[in-house]
Amino acid sequence: MSNIRDIAVVGAGLVGSGWALVFARAGYSVRVYDPSDEIRNRILPWAKESLSELENTGLIEDPQAILSKITVHDRMEHAVDQVVYVQESVFETVAAKTEVSLALDAVIGPDTLVGSSSSGIPASRFTSECKNRGRFMIAHPVNPPHLVPVVEVVPAPWTDGDAVDRVVELMHEIKQVPVRLTREIDGFVLNRLQGVLLNEAWALYEEGIASLADIDATIAHGLGLRWSFMGPFETIDLNAPGGIDDYAARLRDLYAGMVRIPPPGAWSDDVIRKAAEERRAALPADSLADRRAWRDAILGRLAAFKKSEHLSG
Ligand SMILES: NC(=O)c1ccc[n+]([C@@H]2O[C@H](COP(=O)([O-])OP(=O)(O)OC[C@H]3O[C@@H](n4cnc5c(N)ncnc54)[C@H](O)[C@@H]3O)[C@@H](O)[C@H]2O)c1
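Mapping of the sequence shown onto this note's numbering: residues 2 to 314, in sequence order.
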């Protein structure tokens, strides 16, 4: 990456605010822009509190130094002036992404790269009219990005390979874990994998094979324990004496018979209603925010453990 140590975060809701911590923690000066007064007023107090939690977990050492790297701006052109990279994290609609991409396109410098946090809208749907479209791509994080490091880097058909290389390099430098896709695909990799699991979970629940809680337990106390530090391929490579090909020889017929083709279609209203009743009985709606904070505290401790074991990617 270049010597410029300035990064812009455009859109500072749930995900953009987490990105600000990620870049500041890595030593970049982060200029945050959001059109909402409420969001702009919230970002620094939120960052201060989150950095204090990261310090308590042992993930950072000097929260004040990191906080001082973040500045908040009410004009986008000020935030993005002379930055090496823009992380766009505005609403997930084609209209919002198109409007902001065109606005960025008009003001970014000749070397500035732009990554969109888009969860599923590919960059080709909102950057085609940008004159600098070769420098726009997807850099899709997982929420919250300062605790979950993977980032899917997905080029549009017109994104320059060199621009993708530089964003992948930047993600490595800031200690995120980039996953590079060769081309656009619905759901990218992460939600393709999550989609298969969710579709199967809904089907098992709808067919009455197991309760919601038991299906969740299968992941939380089973598959998920390994998956927090290794993927499905490495998992099966270790689960047969001779490795992945031995595993395939033993079990491929089992898996061949259980894949659901064609895709099951949208989840039904009835099963969603039933699942929501069960979840709200287990966790009332007014406890959701507390439970999210609990999740983030566990994620922080898990991140600290992985760091101590050199498993951070
Ligand atoms: N929430 C998640 O779990 C998650 C995970 C990964 C990726 N994402 C993606 O990140 C992006 C942001 O999602 P979020 O959950 O942070 O949403 P959010 O609603 O919390 O934040 C969106 C922010 O964009 C701002 N905004 C709106 N118009 C803008 C403009 N013209 N210029 C600058 N900012 C503008 C809003 O004021 C708001 O603060 C979306 O593309 C989303 O799909 C979300």
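C-beta atoms are modelled at their ideal positions from N, C-alpha and C, and glycine is treated no differently.
Computed from a predicted structure; not experimentally measured.
Check	Outcome
Mind checking which residues open and close the alpha helix (DSSP H) that includes residue 7?	No alpha helix (DSSP H) holds residue 7; the beta strand (DSSP E) holding it covers 7-11.
What does the alpha-carbon distance come out to for the pair residue 142 and residue 150?	7 Å
Would residue 152 pass as a contact of residue 164 if the rule is Cβ separation under 9 Å?	no
Taking just the CA atoms, how far does residue 312 sit from residue 230?	7 Å
What are the start and end residues of the beta strand (DSSP E) that includes residue 137?	137-142
Ends of the beta strand (DSSP E) at residue 182?	First-last for residue 182: undefined, no H or E at that position.
For residue 8 and residue 115, which I take to be in contact (beta-carbon distance under 8 Å), what is that distance rounded to the nearest angstrom?	Residue 8 to residue 115, Cβ: 11 Å. No contact.
Classify residue 233: buried if its beta carbon has 16 or more other beta carbons within 10 angstroms, exposed otherwise.	exposed
Between the Cα of residue 274 and those of 309, 207, 214, spot the shortest distance and give me the residue it belongs to.	207
Between the alpha carbons of residue 98 and residue 214, how many angstroms are there, rounded?	37 Å
Along the chain, where does the alpha helix (DSSP H) that runs through residue 248 open and close?	245-257
Assuming residue 121 is part of the beta strand (DSSP E), what are its boundary residues?	No beta strand (DSSP E) contains residue 121, which DSSP labels as neither H nor E.
Give the DSSP-derived three-state secondary structure of residue 72 in the structure shown.	strand
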